[in-house]
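Using the working numbering, read the sequence shown as starting at 5 and increasing by one per residue. Just so you know, even glycine gets a beta-carbon here, dropped at the ideal spot from N, CA and C. Source: prediction; values computed, not measured. In what follows, a structure is listed as structure tokens, so that the remarks can point back to it.
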Amino acid sequence: MTRHDHDAGGDPDLLERKRSLRDEVWSALEEAGADRFPGAQGRIPNFAGAAGAADRLQDTDAWRSAGTVKANPDSPQWPVRQRALEDGKVVYMAVPKLADEHPFFLLDPDDLDESPRNASSIKGASRNGRTADVDELAPVELVVTGCVAVARDGARLGKGGGFSDLEYAVAREAGLIGPGTRIVTTVHPIQVVEPGRIPMTDHDIPLDLIVTPDEVIPCETAYARPDGVDWDALTEEKIRAIPLLQRLR
Numbered sequence: 005m006t007r008h009d010h011d012a013g014g015d016p017d018l019l020e021r022k023r024s025l026r027d028e029v030w031s032a033l034e035e036a037g038a039d040r041f042p043g044a045q046g047r048i049p050n051f052a053g054a055a056g057a058a059d060r061l062q063d064t065d066a067w068r069s070a071g072t073v074k075a076n077p078d079s080p081q082w083p084v085r086q087r088a089l090e091d092g093k094v095v096y097m098a099v100p101k102l103a104d105e106h107p108f109f110l111l112d113p114d115d116l117d118e119s120p121r122n123a124s125s126i127k128g129a130s131r132n133g134r135t136a137d138v139d140e141l142a143p144v145e146l147v148v149t150g151c152v153a154v155a156r157d158g159a160r161l162g163k164g165g166g167f168s169d170l171e172y173a174v175a176r177e178a179g180l181i182g183p184g185t186r187i188v189t190t191v192h193p194i195q196v197v198e199p200g201r202i203p204m205t206d207h208d209i210p211l212d213l214i215v216t217p218d219e220v221i222p223c224e225t226a227y228a229r230p231d232g233v234d235w236d237a238l239t240e241e242k243i244r245a246i247p248l249l250q251r252l253r
């Protein structure tokens, strides 16, 4: 399997620390029997209790006050996307790897041909939504991001592709995300590591809220949010792979 960080730029020592922590968390989930299909390794890991974490997120003020949600397309956040549509929220779901010229699926709960459960899957989004460019979206009130590891200080670690950071940066530049937009995730308790273990760079987005099946963790983070795309941190290989970045440069 090609690693998602194969085209990542930056300090090699920092990248290696991130790789090592990902491997540790993936293995811990597997050893505990807490991973679910399609498995943990190399992914934003699906986990036992993902639906329960979505239920707990649904009971937060951050959720109740949001009418528009930008969500990652990964399996563990499928229940979150489903509940967003059930609650009447518009969902902007990133096209996997931002690979399309129009990099988001726009899912309107009032215009679905299938149930919210089916419509919020990756395949269902392509049937029930339409692909949209950044300038076709409304301001986002809640960002849901997938994580491999998180810490109570708001640090997060993705699977290495940098797509959540890029989606956020592009939306921030377009004025769709502001300082008050909350950034949340749902994870298994095993994915919550000690503060200071996750290396954070200027282009990494921090979390406001971590939700597990057992608890809601508000993050008092000292990490600054990126203001836009950090072009210096992108490799030419990454830019060539994402049509949106080619247009923006």
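So, using beta-carbon positions, are residue i and residue j closer together than 7 Å?
{"i": "residue 207", "j": "residue 231", "result": "no"}
{"i": "residue 214", "j": "residue 33", "result": "no"}
{"i": "residue 210", "j": "residue 225", "result": "yes"}
{"i": "residue 52", "j": "residue 38", "result": "yes"}
{"i": "residue 120", "j": "residue 86", "result": "yes"}
{"i": "residue 76", "j": "residue 149", "result": "yes"}
{"i": "residue 128", "j": "residue 110", "result": "no"}
{"i": "residue 50", "j": "residue 83", "result": "no"}
{"i": "residue 248", "j": "residue 107", "result": "yes"}
{"i": "residue 199", "j": "residue 142", "result": "no"}
{"i": "residue 217", "j": "residue 56", "result": "yes"}
Would you mind giving the Cβ-Cβ distance between residue i and residue j, rounded to the nearest angstrom? I have them listed as a contact below 8 Å.
{"i": "residue 145", "j": "residue 71", "result": "6 Å"}
{"i": "residue 188", "j": "residue 66", "result": "6 Å"}
{"i": "residue 167", "j": "residue 245", "result": "In fact, because the Cβ distance is near 10 Å, the residues do not count as touching under 8 Å."}
{"i": "residue 161", "j": "residue 152", "result": "5 Å"}
{"i": "residue 159", "j": "residue 227", "result": "7 Å"}
{"i": "residue 48", "j": "residue 78", "result": "4 Å"}
{"i": "residue 21", "j": "residue 203", "result": "5 Å"}
What does the Cβ neighbour count give for residue i, buried or exposed, with the cut at 16 atoms within 10 Å?
{"i": "residue 124", "result": "buried"}
{"i": "residue 41", "result": "exposed"}
{"i": "residue 31", "result": "exposed"}
{"i": "residue 18", "result": "exposed"}
{"i": "residue 253", "result": "exposed"}
{"i": "residue 169", "result": "buried"}
Within the continuous beta strand (DSSP E) that includes residue i, where are the two ends?
{"i": "residue 146", "result": "146-148"}
{"i": "residue 155", "result": "153-155"}
{"i": "residue 73", "result": "72-75"}
At what residues does the alpha helix (DSSP H) containing residue i begin and finish?
{"i": "residue 58", "result": "54-62"}
{"i": "residue 66", "result": "65-68"}
{"i": "residue 247", "result": "247-252"}
Are the C-beta atoms of residue i and some chain D residue less than 7 Å apart?
{"i": "residue 62", "result": "Going by chain labels, chain D is absent from the structure shown, which holds only one protein chain."}
4 or more residues per run - each alpha helix (DSSP H) lying fully within the stretch 6-46: Those alpha helix (DSSP H) runs which fall completely within the stretch 6-46 and span 4+ residues are 16-35.
Secondary structure, beta strand (DSSP E): runs of 3+ residues fully inside the stretch 175-221: Considered as a whole, the stretch 175-221 harbours 186-190, 213-215 as its complete beta strand (DSSP E) runs of no fewer than 3 residues, in chain order.
3-residue-minimum beta strand (DSSP E) runs that sit fully inside the stretch 78-142, ordered along the chain: Within the stretch 78-142, the complete beta strand (DSSP E) segments of 3 residues or longer fall at 94-98, 108-111, 134-136, listed in chain order.
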